[in-house]
Amino acid sequence: MARRSRDTLLDLITVTMLLGSITLIVGTFLIISNPDIPFNPFPLPTLPPVLEFPTPTLTPSITPTFTPSHTPTPSNTPLPPTETPTPTITPTFTLTPTETLSPTPVVPGIPTNTPNPATPITEEGLPAQQGIVIPTSPLVPVTVDPNVPFPFGAAEPTFRRNTNAQGCNWMSIAGNVLNLFGQPMTDMNVAVEVAGEQFLEVRFSGAAPQYGEAGFEVVIGNSPQRRLFSVRLLGPSGEALSDYIFVTTGETCDQNVAYIEFFQNREFR
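Below, the structure written as structure tokens:
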């Protein structure tokens with residue numbers, strides 16, 4: 002009986018060893034197949050997590066585009082030539098006297114002189130008048146030419162320096178009026194008309210005695226400069242007693258007064 006008990010114990014030990022071997026073999030196989038199995042006595046070390054950078058994502062955006070606009074190309078377009086107007090004096094002025102003419106009777110029945118048509122203004126001066134002789138001796142009448150269209154002619158303009166206090170700040174046209182005997186015409190007042198570009202003045206003989214008893218002077222500026230003027234003599238009724246005299250004024254202080262002497266060449270009353 003003791004022997005049987007002993008055999009039973011050995012059988013149990015054998016079975017236990019066998020089951021343990023089988024368990025060990027199965028466990029080893031499982032550990033080899035999957036080292037991360039929970040009952041693995043020697044688990045694999047845990048690897049640190051791999052740092053992953055975020056993948057950049059392209060965000061679509063609208064890129065502004067330049068829309069070209071039409072820019073006109075400047076071009077040099079020549080302007081049509083324009084004519085620069087040359088200032089001219091139209092000798093058709095209407096006399097507007099600023100002084101009262103002295104009452105001189107006009108004899109009825111004597112025709113008044115009809116002047117020639119207006120002569121265009123040029124810088125060539127007054128055309129020479131044939132048959133007119135300037136008197137050289139007092140009280141001796143000049144040679145009268147009945148064909149002369151105007152009862153008065155004029156000598157060539159001369160130039161001189163202004164002698165009043167204004168000095169060079171002055172420009173004028175002055176002169177004297179002589180009768181048939183070469184003497185100052187004092188028995189009647191005649192008017193002197195001076196016209197230029199945007200300028201028209203009338204003065205009476207005798208108003209500037211510094212140039213003679215029948216002297217006149219018309220101030221045309223405050224400094225000497227080259228300008229063109231027309232001058233003529235007018236009668237008591239505004240009729241023309243002389244043709245137009247054209248004067249180009251001087252540009253220096255020694256020539257800031259243009260002097261014109263009118264002389265009578267025939268009777269007109």
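Quick note on our numbering: the sequence shown kicks off at 2 and runs consecutively. We put the CB at the ideal spot given by N, CA and C, even for glycine.
If you ignore the 5 residues before and after P185, its C-beta comes within less than 6 Å of the C-beta of G213, E214 and A215, all in its own chain and listed in chain order. It is roughly 31 Å from the alpha-carbon of Q199 to the alpha-carbon of V149. I221 is positioned such that its CB atom lies no closer than 9 Å to that of T249.
Spanning the alpha carbons of Y260 and I174 requires a straight line of approximately 6 Å. The beta carbon of R233 sits closer than 8 Å to the beta carbons of P92, V193, E194, A241, L242, S243, D244, Y245 and I246 from its chain, once the five residues preceding and following it are set aside; these are given in chain order. Per DSSP, the beta-bridge partners of G222 are M172.
DSSP, read as helix, strand or coil, puts R4 in helix. Between N223 and N170 the beta-carbon gap is near 5 Å, inside 8 Å, which marks them as a contact. Excluding the 5 residues flanking it on each side, T187 has same chain C-beta neighbours closer than 8 Å at G207, E214 and A215, in chain order.
Rounded to the nearest angstrom, the gap between the Cα atoms of R161 and L181 is 26 Å.
According to DSSP, G197 shares a beta bridge with F200. Residue pairing for P185: DSSP places it in a beta bridge opposite L179.
Residue pairing by DSSP places E252 in no beta bridge whatsoever. Taking C-alpha positions only, E268 is separated from G176 by approximately 21 Å. Separation of S238 and V191 (C-alpha to C-alpha, rounded to the nearest whole angstrom) is 9 Å. Rounded to whole angstroms, L31 and R5 show a C-alpha spacing of 38 Å. Within a 10 Å sphere around the beta-carbon of L179 sit 16 or more other beta-carbons, which makes this residue buried.
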